[in-house]
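4 protein chains.
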Amino acid sequence: MSFNSFGLLFRVTTWGESHGPSIGCVVDGCPPGLTLTEADIQPFLDKRRPGQSKFTTQRQEPDTVRILSGVFEGRTTGTPISLLIENIDQRSKDYANIARAYRPGHADITYDLKYGFRDYRGGGRSSARETAMRVAAGAIARKVLGETIRIRGALVRMGPHDIDRHRWDWNEVDRNPFFCPDATTAAAWETYLADIRKAGSSIGAVVEIVADGVPVGLGAPIYAKLDADLAAALMGINAVKGVEIGDGFAAASLRGEGNADTMRMDGDRVVFGSNHAGGILGGISTGQPVVARFAVKPTSSILTPVPTVASDATQTDIVTTGRHDPCVGIRAVPVGEAMVACVLADHLLRHRAQNPGAATQARLPTGK
Amino acid sequence: MSFNSFGLLFRVTTWGESHGPSIGCVVDGCPPGLTLTEADIQPFLDKRRPGQSKFTTQRQEPDTVRILSGVFEGRTTGTPISLLIENIDQRSKDYANIARAYRPGHADITYDLKYGFRDYRGGGRSSARETAMRVAAGAIARKVLGETIRIRGALVRMGPHDIDRHRWDWNEVDRNPFFCPDATTAAAWETYLADIRKAGSSIGAVVEIVADGVPVGLGAPIYAKLDADLAAALMGINAVKGVEIGDGFAAASLRGEGNADTMRMDGDRVVFGSNHAGGILGGISTGQPVVARFAVKPTSSILTPVPTVASDATQTDIVTTGRHDPCVGIRAVPVGEAMVACVLADHLLRHRAQNPGAATQARLPTGK
Amino acid sequence: MSFNSFGLLFRVTTWGESHGPSIGCVVDGCPPGLTLTEADIQPFLDKRRPGQSKFTTQRQEPDTVRILSGVFEGRTTGTPISLLIENIDQRSKDYANIARAYRPGHADITYDLKYGFRDYRGGGRSSARETAMRVAAGAIARKVLGETIRIRGALVRMGPHDIDRHRWDWNEVDRNPFFCPDATTAAAWETYLADIRKAGSSIGAVVEIVADGVPVGLGAPIYAKLDADLAAALMGINAVKGVEIGDGFAAASLRGEGNADTMRMDGDRVVFGSNHAGGILGGISTGQPVVARFAVKPTSSILTPVPTVASDATQTDIVTTGRHDPCVGIRAVPVGEAMVACVLADHLLRHRAQNPGAATQARLPTGK
Amino acid sequence: MSFNSFGLLFRVTTWGESHGPSIGCVVDGCPPGLTLTEADIQPFLDKRRPGQSKFTTQRQEPDTVRILSGVFEGRTTGTPISLLIENIDQRSKDYANIARAYRPGHADITYDLKYGFRDYRGGGRSSARETAMRVAAGAIARKVLGETIRIRGALVRMGPHDIDRHRWDWNEVDRNPFFCPDATTAAAWETYLADIRKAGSSIGAVVEIVADGVPVGLGAPIYAKLDADLAAALMGINAVKGVEIGDGFAAASLRGEGNADTMRMDGDRVVFGSNHAGGILGGISTGQPVVARFAVKPTSSILTPVPTVASDATQTDIVTTGRHDPCVGIRAVPVGEAMVACVLADHLLRHRAQNPGAATQARLPTGK
């Protein structure tokens, strides 16, 4: 991934700061002839939008996306698609208290150390606001992938509280403010997070993304591994500190027998007995669901005073009183979905470049 | 990362199969004038080399590296450095039993599904043998980084057994066959792994890499995040299923106060009170040690029969009798070090391209 | 160069169609701390702007550029700089007559054949309107290069009429509507081109770009040759059919003695006796002026009826009555300057990444 | 193009110096299943090989190529193909006389200025010997392109002497030592070049490459223009100073009517009345033959003494007595063919990634 772009053939470049006039992205390499209007993108942005419950920042941003290029009479033209969102609710005064001091755990200190000056407006480029454009690009990626590939995300852990996977119901995800697939746990989180919010604190979380219908063969054995590109894409989301595929870190505790996804034939197709691998073996998709998880740290913008330094090299304590998410992991769910969609779209294009006649299901090459 | 290359400015391209005549790599973008001979590379290869204890595959490969270009009179010339290792002990007959059937959990099935034919020789390109070239490239990356940056790795978990971090001693790493920094745990692992090996089974592990002396400012806020590139590099190692930076998945359980690395001034330098962030904030290095961990699954080559399919689309059970590692995580330690070295070298070049006068220590930009 | 981006470290991505709502670009990799406002960019756009004399298209576009990101308090921040220009004078009705038929010599036929549908609005993406964004990016590139590097262009041939190089005066370039450095020839062209315009025809031209003050060492010996990247950048301008460096095609007629740029010492610096090489030897800049030329074909939008086909696969004759340039080479001058600036800026960043202590003048490495 | 690689999907990385132990390349992204052995590559290397007539350098290099990876049982596997050629006839003593002084017009001065040290062995990396690997890669590119695409080159000018295009006969190209398609001119060149050689001088040349059978749609409208990538590829050949497509610089003298390639329908296909465009319009192939030309300067290694400087910063005259080509343009013919083949192969893969159902002949998109 280069500085502000990712993807080799389906290539997304984003720009814009949280407190500038607008943010945007350019999606390059999209195949021509796909139907696309703003209405295909807006629902995903609405899902990520702040201010929708008391558990997300109260910043009010309609996040209305405009397509500025690359679409003619409702279809993609094969040329770059430029998307733009105006920043409406910038309210810089919220940041007066952090204009000089650095929030521990936040990117503003490293940003200033690297580039050599102070842009105190809410994190500038490193603000999570940039992820709106990832979500928009992800909506286009879904068009490239088509309807047989479905990418869904859920919050599976908040602080120390895991969901119960036996109660997993995708329909529940849209019925609570946490994208939680387990209604019972969602109810418990409601109380738990309200307390954290009232205390002016914040909490970490784990997000899981599942992609169904991914064709076999995406990825490559060495440095274009599908899981490596997913790892970069998900670790690149703000506040993410860990990524895993399939069994992930739990695989470290397994013996070979326990980790083996057995195989059998179903007609002319290979069928797997389990999915420890998370749909990827040797960097290449197996045709099983691709399963990825990532850990999101708690936001560093909290009401508890924390010792820190200021840009005038003095010692101070900082309290962040602005509008912030008590659990940024929640809004990372649609962002994670979008990143997975973009990576899969890129690899779909790459795969058919090198293997134009490739099968999409797990059929054995020779049958002999 | 493109198909068989990684890095933008310090760019490594590897080639070769486990059972071909040789393997190699081309390291492009190395600055000129660095001292470099085979003797700078060989020790790292020796560390990764198989057959050194009963806990690694008995395949005997001297792995003697030759420099074919890019060095003149003992110094790098700025042109591509070509490295080559002959494959000596190919012993293809070991693979007779897996010539037709696919090992569950192994890359050979996806490789064949993607490319449409059967290369049964021990995994071909997807063999871990390719990682020898990563280790060789990593030795050159260390030259680029210079002596103030030190990159070391250790095995911190084998199966369910973690080390005791209070006993961490870097000197122990070279005194046991596991790269374990805790002598007591290493002794316990000796028995544990011997049993697994005798049972013809295998076990997963967790590796930790620590880079000391990394200057502040490496990385970029969005898609060239240092942690994102590390995630891709480490997830791209064979059998890796998870990557984390700093507190990693444990950060999901933390509250904001617990995750905040406090700051204070020490003269004109910023000093941190803890390192939950693992040396990276907002994708940019803080000057603290960079800490990354990755989970390695157990090898799929085991003696226990596992149901699988063969390339003639029949059902079968497979037993892998070849020479394999009971815990591939062990030999992943030098590979992980090398990948971290390559990523850091690439970002060092990128950083000084954009910020030629950049500071290397955490000094505040303006002091006002 | 990938689909809609060019440059490795100073990376420009453009988007937008001639008849969409706006066009724009994202400039990534710009160093932080450079002063930059719209006023630094607008003069270059004004130079390229149509409708300034009877010899360019009468389309009226103010081409007012807006900076949407990447600049804070008048300085670049190191993050992507997004630029946007509204399209004002779209007047699609001009294109009614070419809505179905293809102009011979124009990109619309290949565009439709490649992407599989008809976007008849004045060439859509392949319109020269896109070059406004190259000019804007070039203005930022000049900031990166600093004031010691000066890049200037001139029209040196129109149709069969060359300038007289003995009369070359850079001051003349801004005194005539042709960017012609030779006042006498400019006067002759005035009559010549008026006749062509009245006849509803068009004519080709040759543009020369000279970059003074380029430091030694930009480029690389093999595939990052400075001249190769210049060739791609200039050949990538609309309607360009040829590119040459230094003596260019004339070098084919030279003998070795005639082509040799002799060298002598001037103090501790190497000085050349001539510049047949155009400032580049072996792909690397010598410190002499970089000289490049490119040939621009006549526009295909002419009043003379030409046999062609229409999108309904019928035969027809086409006459293009819209507002077009009789000599598109004229407005290619600022575009050529901008492309050279962007290539040099990219190579400057690349050079200091690999050779941070590099000299900028032609001093011998060892002096021994 | 990055430092030592070119191509986005069909990606070639070369390494090696003229006087090191060997040279080689890695071809990445080649589709699987293509038949490939050394015998497919060697004939192209033999065509480029030195020492075959008195008109090329007498250095004796068998240039026997070995495939080290990426091929299994005679077919490509989709993994990187490593090729290696041993350097046999290095004879460094020939270079004793130029060990200190720089040849005017040669890359050794800029190389030393950039990298800061002296590698006097015949140009090191910048030697034309590197082009052997381009020729080898080109042979693989031809496999990717298949048999319907034919790429042939010819010398069309030597010094001031053009061929007569009415006598063009491709069969003649292999019957004279100049790759000249005009037997009468070839005979005249024999005398002409013999005189130059005896005088210890050298002469420039122009090479033309024609690719027949190129499908429509390769390239892209803006920065992946097929002609821009060809320009970079050909300008990147040693000693090349100019590149043109189709009418090239002559197009500067044409009026719009003269430049228009008229179109008519032939059944359901579009047929062109001429090919001024050289098979490329708006950066995209038309289906007509792709025609490119490039100018090669005379070699700087001549017997005539030329004033120059030495690495000890003294003034001197230089005479180059080694074995050199009196007209390096001759051996550039197979190199030019190879570069065109590599560019076309890369664009073929890119095109089918974005437009998988694309037509290969000039059929109109809608027929309405």
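Protein chains in written order, with our numbering: chain A, 11 to 378; chain B, 11 to 378; chain C, 11 to 378; chain D, 11 to 378.
Quick reminder that beta carbons are idealized off the backbone N, C-alpha and C, glycines included.
Residues bridged to residue i (per DSSP)
i                     : result
residue 128 (chain A) : Partner(s): none; residue 128 (chain A) has no beta bridge.
residue 250 (chain C) : C:306
residue 218 (chain D) : D:164, D:303
residue 21 (chain A)  : A:38
residue 327 (chain C) : C:317
residue 96 (chain D)  : D:32
residue 273 (chain D) : D:282
residue 295 (chain D) : D:290
residue 111 (chain D) : D:320
Residue i: contacting residues in chain B (beta-carbon distance under 9 Å)
i                    : result
residue 27 (chain D) : 79, 80, 82, 87, 89
Contacts that residue i makes with chain D (C-beta to C-beta distance below 8 Å)
i                     : result
residue 112 (chain C) : 273
Residues that residue i contacts on chain B, provided the C-beta gap is smaller than 7 Å
i                     : result
residue 125 (chain D) : 42, 87, 88
residue 264 (chain A) : 214, 307, 308
Within chain B, the residues that residue i reaches when beta carbons sit closer than 8 Å
i                    : result
residue 23 (chain D) : 15, 23, 36, 38, 90
Partner residues on chain D for residue i, Cβ-Cβ distance less than 7 Å
i                     : result
residue 360 (chain A) : 363
residue 372 (chain C) : 123
residue 345 (chain C) : In chain order: nothing, as chain D lies at least about 13 Å away.
Under 8 Å from the C-beta of residue i: neighbouring residues of chain C
i                     : result
residue 30 (chain A)  : 78, 79
residue 259 (chain D) : 216, 251, 252, 254, 259, 305
Other residues of its chain near residue i: CB distance less than 6 Å, five sequence neighbours each side excluded
i                     : result
residue 27 (chain A)  : 134, 135
residue 161 (chain B) : 221, 347, 350, 351
residue 212 (chain B) : 308, 309, 312, 336
residue 88 (chain B)  : 42
residue 292 (chain B) : 231
Cβ neighbours of residue i in the same chain (closer than 8 Å, five flanking residues each side left out)
i                     : result
residue 340 (chain D) : 65, 66, 165, 187, 188, 189, 215
Partner residues on chain C for residue i, Cβ-Cβ distance less than 9 Å
i                    : result
residue 19 (chain B) : 18, 19, 360, 363, 364
Contact under 7 Å by Cβ, residue i with residue j
i                     : j                     : result
residue 143 (chain B) : residue 35 (chain B)  : yes
residue 323 (chain A) : residue 110 (chain A) : no
residue 286 (chain C) : residue 256 (chain C) : yes
residue 78 (chain B)  : residue 32 (chain D)  : yes
residue 149 (chain A) : residue 82 (chain A)  : no
residue 300 (chain A) : residue 342 (chain A) : no
residue 359 (chain C) : residue 16 (chain C)  : no
residue 10 (chain D)  : residue 192 (chain D) : Because chain D in this structure spans residues 11 to 378, residue 10 (chain D) falls outside the shown range and cannot be described.
residue 282 (chain D) : residue 273 (chain D) : yes
residue 356 (chain C) : residue 18 (chain C)  : yes
7 Å Cβ shell around residue i - same chain, five flanking residues per side excluded
i                     : result
residue 219 (chain D) : 161, 163, 302, 346, 347, 350
residue 10 (chain C)  : This structure does not reach residue 10 (chain C), given that chain C is present from 11 up to 378, and the question cannot be answered.
residue 73 (chain C)  : 55, 59, 95, 142
Under 7 Å from the C-beta of residue i: neighbouring residues of chain C
i                     : result
residue 285 (chain D) : In chain order: nothing, as chain C lies at least about 11 Å away.
residue 66 (chain D)  : By Cβ distance, chain C contributes nothing, its closest Cβ being about 16 Å from residue 66 (chain D), past 7 Å.
Residue i: contacting residues in chain A (beta-carbon distance under 9 Å)
i                     : result
residue 135 (chain C) : 79, 80, 87, 88, 89, 90
Within chain A, the residues that residue i reaches when beta carbons sit closer than 7 Å
i                     : result
residue 357 (chain B) : In chain order: nothing, as chain A lies at least about 11 Å away.
Chain A residues whose Cβ lies nearer than 8 Å to that of residue i
i                     : result
residue 269 (chain B) : 115, 214, 307, 308, 310
Chain E contacts from the stretch 229-241 of chain A (Cβ-Cβ distance under 9 Å):
No chain E is present in this structure, whose protein chains are A, B, C and D.
Which full runs of the alpha helix (DSSP H) of 4+ residues lie inside the stretch 191-244 of chain C, going along the chain?
193-208
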